[in-house]
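A.B. asks: Numbering (full-length UniProt numbering), first residue to last: 1 to 157.
Yeah, the Cβ is synthetic: ideal placement off N, Cα and C, and Gly gets one too.
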Amino acid sequence: MRIIGVDPGTKVTGVGIIDVNDGGDFSPVFFAPLKFKDNLDNVIFQFFTQLKDIVEEYKPDIAVIEDIFYAVNIKSTIMLAHLRGSAITLFKLNNMPVYSYTPLDVKKTIAGYGRAEKEQVKFLVEHLLNIDLNGYPLDVSDALALAICHANYAMFG
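#1: Is it right to say aspartate 142 is buried, meaning 16 or more other beta carbons lie within 10 angstroms of its own, or is it exposed?
#2: Is asparagine 11 helix, strand or coil by DSSP?
#3: Quick one: what does DSSP say alanine 116 is sitting in, helix, strand or coil?
#4: Sorted by chain position, which residues of the same chain lie with C-beta nearer than 6 Å to residue 159's C-beta, five sequence neighbours on each side aside?
#5: For methionine 155 and glutamine 46, I'd like the C-alpha separation in whole angstroms.
#6: Tyrosine 99 lies in the beta strand (DSSP E); which residues open and close that run?
#7: If you count every other CB in all the chains shown that lies within 10 Å of the CB of threonine 13, and 16 or more means buried, which is it?
#8: Count the other C-beta atoms from every protein chain shown that fall within 10 angstroms of the C-beta of proline 66, then say buried if there are 16 or more, exposed otherwise.
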């Protein structure tokens, strides 16, 4: 099973793809930040086209995207909703089931504690996937954590 995790952001979006074998072992396939610097319309377009290229190249089976949580800045929340909607549209156009998890759910699954720090999640993702994410924004480890979170739910309920 190949799972893509997406942590949408207005400046940086984290994307991570893992393979999960029948024994439940994870292996990293792809991970990278997508960076944007433009107006709303162009950011949505760049987000969609970059994500489309990744989906076409790596052909994930399942998509996982971070659920929207209310932010203090309503403008940022609206922007995240636009990005999330375009990602879900892309995934559905590719006949992929889409799952959403809150940051609290992901942290609880990965770290055992829903209020874990992002650095702790990054450390555990590095350990689980045997990779080094130094130099990558935390959005990338969050995206991989989303994919791992769903793999755990799919295997263990």
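C.D. replies: The answer reads as follows:
#1: By one-based count along the sequence shown, residue 142 stands at place 142. With 16 or more other Cβ atoms within 10 Å, it is buried.
#2: On the sequence shown, residue 11 is found 11 positions in, with the first residue counted as 1. Per the sequence shown, residue 11 should be read as lysine rather than asparagine. If DSSP states are grouped into helix, strand and coil, lysine 11 belongs with coil.
#3: For this step, residue 116 is matched to residue 116 along the sequence shown. Here DSSP, grouped into helix, strand and coil, assigns alanine 116 to coil.
#4: Here the chain covers residues 1 to 157 and nothing more, so residue 159 does not appear.
#5: As a working note, residue 155 is residue 155 in the sequence shown. As a working note, residue 46 is residue 46 in the sequence shown. A direct Cα-to-Cα measurement between methionine 155 and glutamine 46 gives close to 34 Å.
#6: As a first step, residue 99 must be located in the sequence shown, where it is residue number 99. Judged by DSSP secondary structure, tyrosine 99 falls within the beta strand (DSSP E) whose first and last residues are 98-101.
#7: Within the sequence shown, numbered from 1, the residue matching residue 13 stands at position 13. Counting Cβ neighbours within 10 Å, threonine 13 comes out buried, since at least 16 surround it.
#8: Taking the sequence shown and counting its residues from 1, the one referred to as residue 66 is at position 66. Residue identity check: residue 66 is glutamate in the sequence provided, not proline. Result: buried.
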